[in-house]
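Participant: If you count by this note's numbering, then the sequence shown holds residues 3 to 225, one letter each, in order.
This structure is in structure tokens; I'll ask about it shortly.
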Amino acid sequence: MLNFANPTGSRVSDENKRALVELLHKHQVPLIEDDVYGELYFGCDTPVSSKAVDEDGLVLHVSSFSKCLAPGYRVGWVAAGRFAKEVQRQKYSTSLATAVPMQIALAAYLKHGGFDNHLRKLRRQLMTQEARIIAGVEEHFPVGTRLARPDGGYFLWLELPSQVDTLRLYEEALVSGISIAPGPIFSAKREFSNYLRLNFGHPATERQGDALATLGRLIKRQL
Numbered sequence: 003m004l005n006f007a008n009p010t011g012s013r014v015s016d017e018n019k020r021a022l023v024e025l026l027h028k029h030q031v032p033l034i035e036d037d038v039y040g041e042l043y044f045g046c047d048t049p050v051s052s053k054a055v056d057e058d059g060l061v062l063h064v065s066s067f068s069k070c071l072a073p074g075y076r077v078g079w080v081a082a083g084r085f086a087k088e089v090q091r092q093k094y095s096t097s098l099a100t101a102v103p104m105q106i107a108l109a110a111y112l113k114h115g116g117f118d119n120h121l122r123k124l125r126r127q128l129m130t131q132e133a134r135i136i137a138g139v140e141e142h143f144p145v146g147t148r149l150a151r152p153d154g155g156y157f158l159w160l161e162l163p164s165q166v167d168t169l170r171l172y173e174e175a176l177v178s179g180i181s182i183a184p185g186p187i188f189s190a191k192r193e194f195s196n197y198l199r200l201n202f203g204h205p206a207t208e209r210q211g212d213a214l215a216t217l218g219r220l221i222k223r224q225l
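Written out as structure tokens, the structure reads:
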């Protein structure tokens, strides 16, 4: 995931994407590019996908409408390059059914316009929600908290003071009806014990602000 990765929200630079594609070409190695957050950039600069600079058909570009339009539809696509026939064969042999009515509905929506305008509104909304979450973290979390400030996507990746155990924080937060993603669940080696991921994909509410205040108190208890 090269654009606004889960959980860090990081984005690989366009220059490094081009260098990656050159390396793929040199060694004839395919790449599956999961780009479900690529449309959700803030600002004016559209992130380049690796597929956009792939002239050898080695990049399989995968994306979905589930993050940017209709989560319940579960409709996505793959631009598979030289692997298109093999991907089609695998699709036919592994899928029991395809959501044809949903695909038809989405096709009609795209045909008649409105998607670009929807994306612009969604990007502005996400950028506002990110700013509110960051403000809440800065107000309520302890000194020493560090966070990345992604320029797109859904996620904030926070580093808390080293004494904090985010698995313990997760359990304590659940008691208050608050769900977070503790850092160790993103590591096969159970690393990032003092990291957590917050999701700013939901509209800001008063309850969200209260939840950040509660998280801040729970974190400070561990110090």
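Note that the Cβ used here is the ideal one computed from N, Cα and C, for glycine as well.
Which residues bound the alpha helix (DSSP H) around Asp212?
Facilitator: Numbered from its first residue, the sequence shown carries residue 212 at position 210. 208–223 is the span of the alpha helix (DSSP H), which, as asked, contains Asp212.
Participant: Would you kindly work out how many angstroms separate the C-alpha atoms of Thr147 and Val177, rounded to a whole number?
Facilitator: Within the sequence shown, the letter at position 145 stands for residue 147. Within the sequence shown, the letter at position 175 stands for residue 177. Approximately 23 angstroms, taken between the alpha carbons.
Participant: Does any CB atom of chain D fall closer than 7 angstroms to the CB of Gly185?
Facilitator: Looking at the structure shown, chain D is missing, and only one protein chain is on hand.
Participant: Look up Glu161 in the DSSP assignment and give the residues it is bridged to.
Facilitator: Numbered from 1 along the sequence shown, position 159 holds the residue referred to as residue 161. Answer is Arg148, Tyr197.
Participant: Alpha carbon to alpha carbon, how far is Phe229 from Gly179?
Facilitator: No answer is possible for residue 229: the residues shown for the chain start at 3 and end at 225.
Participant: I need the DSSP call for Ala86, collapsed to helix, strand or coil.
Facilitator: Position 84 of the sequence shown, counted from the first residue, corresponds to residue 86. The answer is helix: DSSP assigns Ala86 an H, G or I state.
Participant: Leaving out five residues on either side along the sequence, give the residues of the same chain with a beta carbon under 8 angstroms from the beta carbon of Asn196.
Facilitator: The residue given as residue 196 occupies position 194 in the sequence shown. Taken in chain order, the residues that qualify are Glu161, Leu162, Pro163, Ser164, Gln165, Val166, Asp167, Thr168, Gly185.
Participant: Using DSSP with H/G/I as helix, E/B as strand and the rest coil, what is Tyr43?
Facilitator: Translated into positions along the sequence shown, residue 43 becomes position 41. Strand.
Participant: Opposite Asp36 in the DSSP bridges: which residues?
Facilitator: Position 34 of the sequence shown, counted from the start, is the residue given in the question as residue 36. According to DSSP, which records beta bridges pairwise, Asp36 is partnered with Val64.
Participant: In or out: Arg209 buried (at least 16 other Cβ within 10 Å) or exposed?
Facilitator: Residue 209 sits at position 207 when you count from the first residue of the sequence shown. Arg209 should be labelled exposed.
Participant: Determine whether the beta carbon atoms of Leu62 and Ile34 lie at a separation below 7 angstroms.
Facilitator: Stepping through the sequence shown from its first residue, residue 62 is reached at position 60. Stepping through the sequence shown from its first residue, residue 34 is reached at position 32. Against a cut-off of 7 angstroms, the Cβ pair of Ile34 and Leu62 comes out as a contact.
Participant: Hey, how far is the Cα of Glu88 from the Cα of Val31?
Facilitator: Walking along the sequence shown from the start, residue 88 turns up at place 86. Walking along the sequence shown from the start, residue 31 turns up at place 29. Rounded to whole angstroms, Glu88 to Val31 spans 16 angstroms at the Cα level.
Participant: Could you tell me how far apart the beta carbons of Ala133 and Pro9 are, in whole angstroms, since I believe they sit closer than 8 angstroms?
Facilitator: Translated into the one-based positions of the sequence shown, residue 133 becomes position 131. Translated into the one-based positions of the sequence shown, residue 9 becomes position 7. Not quite, the Cβ-Cβ distance comes to about 19 angstroms (not below 8 angstroms), so this is no contact.
Participant: Does DSSP put Val80 in a helix, in a strand, or in coil?
Facilitator: On the sequence shown, residue 80 is found 78 positions in, with the first residue counted as 1. Strand.
Participant: CA-CA distance, Ala68 and Gly74?
Facilitator: One-based indexing of the sequence shown puts residue 68 at position 66. One-based indexing of the sequence shown puts residue 74 at position 72. In the sequence as presented, Ala is not what sits at residue 68; that position holds Ser. Cα-Cα distance, rounded: 7 angstroms.
Participant: Could you round the C-beta distance between Val50 and Asp16 to whole angstroms and report it? I think they count as a contact, below 8 angstroms.
Facilitator: Position 48 of the sequence shown holds residue 50. Position 14 of the sequence shown holds residue 16. Contact holds; Cβ gap of about 4 angstroms.
Participant: Relative to the C-alpha of Val55, which residue among Asp36, Ala21, Ala99 is closest?
Facilitator: Taking the first residue of the sequence shown as position 1, residue 55 is located at position 53. That would be Ala21, whose Cα lies nearest to the Cα of Val55.
Participant: Quick check: what's the CA-CA separation for Trp79 versus Leu225?
Facilitator: Sequence index remark: in the sequence shown, residue 79 carries index 77 (1-based). Sequence index remark: in the sequence shown, residue 225 carries index 223 (1-based). Rounded to whole angstroms, Trp79 to Leu225 spans 46 angstroms at the Cα level.
Participant: Have a look at the DSSP bridge pairing and note the partners of Gly154.
Facilitator: On the sequence shown, residue 154 is found 152 positions in, with the first residue counted as 1. Answer by DSSP bridge pairing, in chain order: Tyr43.
Participant: Gly138: buried (16+ other C-beta within 10 angstroms of its C-beta) or exposed?
Facilitator: Your numbering for residue 138 matches position 136 in the sequence shown. The residue in question, Gly138, is buried, as its Cβ has 16 or more Cβ neighbours within 10 Å.
Participant: Can you check the stretch 111–145 for any alpha helix (DSSP H) of at least 4 residues that lies completely inside it and give the ranges in chain order?
Facilitator: As far as the stretch 111–145 is concerned, its whole alpha helix (DSSP H) runs of at least 4 residues are 117–142.
Participant: Taking 7 angstroms as the threshold (C-beta atoms), are Phe44 and Asp212 in contact?
Facilitator: Position 210 of the sequence shown, counted from the first residue, corresponds to residue 212. Position 42 of the sequence shown, counted from the first residue, corresponds to residue 44. Cβ atoms of Asp212 and Phe44: not closer than 7 angstroms.
Participant: So, at 8 angstroms on beta carbons, what are the nonlocal neighbours of Asn5 in its own chain, with the 5 sequence-adjacent residues on each side left out?
Facilitator: Reading the sequence shown from its first residue, position 3 is the one you call residue 5. The residues are Arg13, Val14, Asp37, Tyr39, Gly40, Tyr43, Pro49, Ser51, Gly154, Gly155.
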